[in-house]
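Colleague: Residue numbers (my numbering): -3 to 448.
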């Protein structure tokens, strides 16, 4: 092939390439490269590969102020912190509705509300069971058995709670309140009468008065508090938490709180944590106490209660930190000092344990528990005389403590065997169970060494 022919072929190739490149591109599908039928479920499957976005060097923190303006926040609405709490409360109510016992509400809905509404305040409560209830006693008892909560009788015995003189004074106060209610029904008088009925154990009368007070004044905090106490007496823990939640939500919505309102809020949160703890819901109890601590960082009782729950949960380090804060706020709290000493004693850090127990005994020289633990710590440090002195003081302050007799008997095993035998025998007389089986072993060793 000559050079001219090669040039012509090259030019033709270039023209073909130009025509090919000028064509409209043909968009390929995912199955274009497959020469067989693909199942439908594999056609629409997206690729797992995701292109990562390039991160810029600028700050990506959200602008909270601009977001608040978009949500409608204004300065006249109060502090932004309170507004955020309201936003979270609204969201929490939408996602997690208030707890409510379904069967309990069904039982309450079956009771005739009109009878309670039409009934005058001065009407004696003994007539409540006279033919005014639409269902029979057998049906009511069957319905009570089907409820999840324990329904107590309409009256409970409180003979051991109040003396006859105190009961007479309470009944006299109830009569005066009933006279005032007949003349002019006041929510405070009705609520107080319901509280007095609860103290006397008349639960149905107390519930009627408290429900009436809440219908007249739904935001009456004292009525919600008394209702939560009544629910606890009836064994309805969930209902008690609902009543306390109403108190806390109402007070947290206020921009400024008076001193009495602040104390009421703190007491409500602490009561809620106690109820959660008794129910076994440790997480909610800790969350409630943490909220109380955020509102009142100088509340030593809240730190101490949270430390006890942490200790029950097994978080010894968190419990120790809270005990430390308790002693920072209240240096005279002997229980917190004792707990801190026990923390180091369990970890065999004898010097730190001795330091905390010395602080405790300097404040409370007659503390038997502190003397006993410090004596054990001194034994580990080979300070025999000081340990013996602490054991003697512990026995003197608490003569029924079998552990103190055992520790002193074990310490005197070689120096004074006879006194050691007396102490160990006394310890066994006070507690002859598996918890004190080591005393039998030590006494047997002394018998063997003495009378071999």
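Backbone N, C-alpha and C fix where the C-beta goes; we use that ideal spot for every residue, glycine too. Since the structure is predicted, the reported quantities are computational estimates derived from the model, not experimental observations.
Between 421, 291, 266, which lies nearest to residue 281 when the distance is taken from Cα to Cα?
Modeller: Among 421, 291, 266, the Cα nearest to that of residue 281 belongs to 266.
Colleague: Which class does residue 82 belong to by DSSP, given the choice of helix, strand or coil?
Modeller: Looking at residue 82 - three-state DSSP - the assignment turns out to be helix.
Colleague: Roughly how many angstroms lie between the CA atoms of residue 325 and residue 294, to the nearest whole one?
Modeller: Answer to the nearest angstrom: the Cα atoms are 7 Å apart.
Colleague: Taking the C-alpha atoms as reference points, what is the distance between residue 40 and residue 10?
Modeller: Bear in mind that a pLDDT of 48 at residue 40, under 50, signals an unreliable position, so the model cannot answer this.
Colleague: Relative to the C-alpha of residue 312, which residue among 341, 298, 204, 215 is closest?
Modeller: Minimum Cα distance to residue 312 is reached at 341.
Colleague: Is the distance from the Cβ of residue 420 to the Cβ of residue 435 below 8 Å?
Modeller: Their beta carbons are under 8 Å apart, which means residue 420 touches residue 435 by this criterion.
Colleague: Tell me the rounded alpha-carbon separation between residue 8 and residue 22.
Modeller: Taking the straight line joining both Cα atoms gives about 24 Å.
Colleague: List, from N- to C-terminal side, the beta strand (DSSP E) runs of 3 residues or more that fit wholly inside the segment 343 to 382.
Modeller: The segment 343 to 382 contains no whole beta strand (DSSP E) run of 3 or more residues.
Colleague: Can you grab the Cα-Cα spacing for the pair residue 439 / residue 260, in whole Å?
Modeller: So the two alpha carbons sit approximately 57 Å from each other.
Colleague: Around the C-beta of residue 387, are 16 or more other C-beta atoms found within 10 angstroms, so that it is buried, or is it exposed?
Modeller: It is buried - the Cβ of residue 387 has at least 16 other Cβ atoms within 10 Å.
Colleague: In this structure, how does DSSP classify residue 254 when only helix, strand and coil are distinguished?
Modeller: Reduced to three states, the DSSP call for residue 254 is coil.
Colleague: Leaving out five residues before and five after residue 413 in sequence, what residues of the same chain have Cβ atoms less than 8 Å from its Cβ?
Modeller: Same-chain partners within the cutoff: 442, 445, 446.
Colleague: Does the Cβ of residue 15 have 16 or more other Cβ atoms within 10 Å, making it buried, or fewer, making it exposed?
Modeller: That one is exposed.
Colleague: May I ask which residues mark the beginning and end of the alpha helix (DSSP H) holding residue 244?
Modeller: 233 to 248 is the span of the alpha helix (DSSP H), which, as asked, contains residue 244.
Colleague: Here's the rule I'm using: 16 or more other beta-carbon atoms within 10 Å means buried, otherwise exposed. How should residue 276 be labelled?
Modeller: Classification of residue 276: exposed, given that the 10 Å Cβ count is below 16.
Colleague: Use the C-beta contact count for residue 310: other C-beta atoms within 10 angstroms, 16 or more gives buried, fewer gives exposed.
Modeller: Answer is exposed; the Cβ neighbour count stays below 16.
Colleague: Is the Cβ-Cβ distance between residue 180 and residue 218 less than 8 Å?
Modeller: Not closer than 8 Å, so no.
Colleague: The alpha helix (DSSP H) spanning residue 280 covers which residue range?
Modeller: Per DSSP, residue 280 belongs to the alpha helix (DSSP H) from 278 to 291.
Colleague: Please report the straight-line C-alpha distance between residue 202 and residue 80, rounded to a whole angstrom.
Modeller: If I take the Cα positions, the gap works out to 38 Å.
Colleague: Keeping to the same chain, check which residues put their C-beta closer than 6 Å to that of residue 243; ignore five residues upstream and five downstream.
Modeller: Answer for residue 243: 217, 220, 264, listed in chain order.
Colleague: Determine the closest residue to residue 237 out of 271, 213, 423, with distance taken between C-alpha atoms.
Modeller: When only C-alpha atoms are compared, the closest one is 271.
Colleague: Can you name, in chain order, every residue of its own chain whose Cβ lies under 8 Å from the Cβ of residue 397, other than the five neighbours on each side?
Modeller: Closer than 8 Å at Cβ, skipping near neighbours: 364, 368, 390, 391, 426.
Colleague: Answer yes or no: do residue 456 and residue 196 have a C-beta to C-beta separation smaller than 8 Å?
Modeller: The shown model of the chain, from -3 to 448, leaves out residue 456, and the question about it has no answer.
Colleague: Note down, in chain order, each residue of its chain lying with its Cβ closer than 6 Å to the Cβ of residue 394, except the 5 sequence neighbours on either side.
Modeller: These residues qualify, in order along the chain: 364.
Colleague: Could you give the DSSP three-state label for residue 1: helix, strand or coil?
Modeller: In this structure, residue 1 counts as helix in the three-state DSSP scheme.
Colleague: Which residues in the same chain have their Cβ closer than 6 Å to the Cβ of residue 104, if we skip the five residues on either side of it in sequence?
Modeller: Note that residue 104 has pLDDT 42, beneath the 50 cutoff, so the model's placement of it is unreliable and the number below is only indicative. Around residue 104: no qualifying Cβ.
Colleague: If you drop the 5 nearest sequence neighbours on each side, which residues of the same chain put their C-beta closer than 8 Å to that of residue 318?
Modeller: Around residue 318: 299, 300, 302, 303, 306.
Colleague: With burial defined as no fewer than 16 other Cβ atoms inside 10 Å of the residue's Cβ, what is the status of residue 273: buried or exposed?
Modeller: Burial call: buried.
Colleague: DSSP state of residue 67, grouped into three classes?
Modeller: It is coil, neither helix nor strand.
Colleague: Taking the beta carbon of residue 375 as the centre, do at least 16 other beta carbons fall within 10 Å, making it buried, or is it exposed?
Modeller: Its Cβ being crowded by 16 or more others within 10 Å, residue 375 is buried.
Colleague: Can you tell me whether residue 432 is helix, strand or coil according to DSSP?
Modeller: In the structure shown, residue 432 sits in a helix (DSSP, three-state: H, G or I).
Colleague: Give me the Cβ distance between residue 222 and residue 269, rounded to the nearest whole Å; I'm assuming they're in contact under 8 Å.
Modeller: About 19 Å separates the two Cβ atoms, so there is no contact after all.
Colleague: Less than 8 Å between the CB atoms is what I'm expecting for residue 330 and residue 316, so what's the real figure, rounded?
Modeller: At roughly 16 Å, the Cβ-Cβ gap does not stay under 8 Å, so residue 330 and residue 316 are not in contact.
Colleague: Assuming the contact rule is C-beta atoms closer than 8 Å, residue 224 and residue 239 should be a hit. Round their C-beta distance to whole Å, please.
Modeller: Yes, they are in contact, since the Cβ atoms of residue 224 and residue 239 sit about 4 Å apart, within 8 Å.
Colleague: Which residues in the same chain as residue 149 place their Cβ atom closer than 8 Å to its Cβ, once the five residues preceding and following it in sequence are excluded?
Modeller: No answer about residue 149 holds up, because its pLDDT of 48 lies below 50 and its placement is not dependable.
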